[in-house]
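Trainee: Add 9 to a position in the sequence shown, counting from 1, and you land on the number used in the working numbering.
Attaching a single structure in structure tokens format; questions to follow.
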Amino acid sequence: MGAAVVVVGSVNTDVVAELDRFPRPGETLRAVAVRRNLGGKGANQAVAARRVHDDVAFIGRVGDGAQGDGVREELAGHGVDVDHTRTVPDAATGTAFIQVAAGENTIVLDAGANDAWDRLDDAERRDVADAAVVVCQMEIPSAVNRAVAQACRGRLVVNAAPAREVTDLLSSCDPLVVNEHELAVLTGVDVDGPTQARSAARSVLDRGARSVVVTLGAAGAVWVTTEGGGVVTPPDVEVVDSTGAGDAFVGVLAARLAVGGELGDAIRWAVAAGSLAVQTSGTHASYPDADGIVAMLDSIVSKS
Ligand code: RIB
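Below, the structure written as structure tokens:
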């Protein structure tokens with residue numbers, strides 16, 4: 010029997026440089042601090058889900074050697090089932106080079122083993138089929154995500170990050186989760202703020218998605234379904250590091266859906282998780298547990 014929440018996706022080593030400001034082209038800057046830690050949108054989402062749900066598995070690919078063993082062990086150390094996180098011979102584990110300054114970040118990816126598969130094996134397909142909620146994102150090949158959509162019998166959360174066309178997944182996702190930039194890429198419409206986001210998200214419903222959630226950074230999130238939707242707004246918080254906050258949102262959303270939460274309720278939890286995550290440096294190091302989220306829910310405002 011597989012896990013209740015299965016995340017299929019990327020896993021990286023993040024090499025993070027904290028800076029006073031971003032360098033200009035051609036400029037050399039000293040970092041304020043440098044660290045290496047587990048990353049990858051998929052792995053981050055699995056850890057965020059595991060903070061609030063006991064039964065989470067991650068399906069992905071690492072390279073052979075110490076780096077691959079290390080990220081798998083770190084993920085397992087967070088309580089995530091990594092039985093189907095396979096090693097690709099002669100491949101390097103994915104690496105992300107991240108700069109963080111004034112709460113913002115830039116990320117450059119070396120995908121490595123994340124790009125070295127194009128299908129699910131039988132055991133992985135069974136895990137996906139048995140899950141209540143399955144999550145995928147765009148740091149792995151499109152063919153794998155299509156195989157996930159075909160195998161999924163529960164609820165599929167598709168996070169179109171980094172931005173990529175997802176036409177072949179639209180009829181399967183419930184919800185599609187995007188930020189404003191990713192929504193603009195999908196719709197060809199500039200999106201700035203909740204009103205434009207809602208209207209652009211409705212156009213994605215017209216293309217087949219059952220529900221669409223748009224994350225708006227400090228402004229929270231908007232969501233639409235064929236029956237309605239809403240706006241969920243967090244309180245003002247100090248943003249220390251936004252890296253991986255979107256992954257915290259997606260992971261917690263999936264975990265709440267897996268316990269039978271309504272989409273609007275799951276989004277409140279996810280907005281609280283994202284809002285807590287940006288207040289501390291790092292990705293999973295900043296992810297809250299259920300108690301932390303529940304303590305914040307009273308300050309989250311939901312409107313239809
Ligand atoms: O969303 C943040 C993540 O994107 C980082 O952990 C990095 O690995 C990239 O995948």
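We put the CB at the ideal spot given by N, CA and C, even for glycine.
Keep in mind the model is a prediction, meaning the values are calculated, not measured.
1) Suppose the cutoff is 8 angstroms on Cβ atoms and the five residues either side in sequence are ignored; what does the same chain contact list for A206 look like?
2) Where does D183 sit, in a helix, a strand or coil, going by DSSP?
3) Where does S19 sit, in a helix, a strand or coil, going by DSSP?
4) With a floor of 3 residues, list each beta strand (DSSP E) that falls wholly inside the segment 208-260, ordered by position along the chain.
5) Which whole-angstrom value describes the C-beta separation of V17 and I68, a residue pair presumed to lie in contact below a C-beta threshold of 8 angstroms?
6) Tell me the rounded alpha-carbon separation between P243 and V310.
7) Does DSSP put E27 in a helix, in a strand, or in coil?
8) Is any non-hydrogen atom of the ligand RIB found closer than 7 angstroms to the C-beta of K312, if you look at the structure I gave you?
9) Can you tell me whether P184 is buried or exposed? The criterion is at least 16 other CB atoms within 10 Å of its CB, across all chains shown.
10) So if DSSP puts G112 in a beta bridge, which residue, or which two residues, is it bridged to?
11) Alpha carbon to alpha carbon, how far is L129 from R95? Give it in angstroms, no decimals.
12) Could you tell me if the beta carbon of E148 falls within a distance shorter than 7 angstroms of some heavy atom in the ligand RIB?
13) Should A105 be listed as close to the ligand RIB, given that the test is whether its C-beta is under 7 angstroms from any heavy atom?
14) Cβ-heavy atom distance between T252 and the ligand RIB below 7 angstroms?
15) Taking one C-beta from the segment 136-145 and one from the segment 106-123 each time, how about it: are there three or more such pairs within less than 8 angstroms?
16) With contact counted as at least three CB pairs below 8 angstroms, one residue from each stretch, are the segment 247-257 and the segment 156-166 in contact?
17) What does a CB cutoff of less than 7 angstroms around P98 pick up in its chain, not counting 5 residues either side in sequence?
18) Flag this pair as yes or no: are the beta carbons of V175 and T196 separated by less than 8 angstroms?
19) Please go through the same chain and pick out, in chain order, the residues whose beta-carbon is closer than 7 angstroms to the beta-carbon of A85, but skip the five residues on each side of it.
20) What three-state label does DSSP hand D85 in the structure shown?
21) Check whether the Cβ of T176 sits closer than 7 angstroms to any heavy atom of the ligand RIB, and report yes or no.
22) Could you check how far apart the C-beta atoms of D23 and R45 are, in whole angstroms? I think they sit under 8 angstroms.
Mentor: Reading from the atomic positions:
1) E189, L192, V200, V223, L225, V231
2) strand
3) coil
4) 220-224, 230-234, 238-242
5) 5 angstroms
6) P243 and V310: Cα-Cα distance of roughly 6 angstroms.
7) strand
8) Flag unset: Cβ of K312 not near the ligand RIB.
9) buried
10) D250
11) 11 angstroms
12) yes
13) Of the heavy atoms belonging to the ligand RIB, at least one sits nearer than 7 angstroms to the Cβ of A105.
14) Yes, the Cβ of T252 comes within 7 angstroms of a heavy atom of the ligand RIB.
15) no
16) no
17) D73
18) For V175 and T196, no; Cβs fall outside 8 angstroms.
19) V91
20) Inspection of the sequence shows that residue 85 is occupied by Ala rather than by Asp. Three-state result, A85: helix.
21) no
22) 7 angstroms
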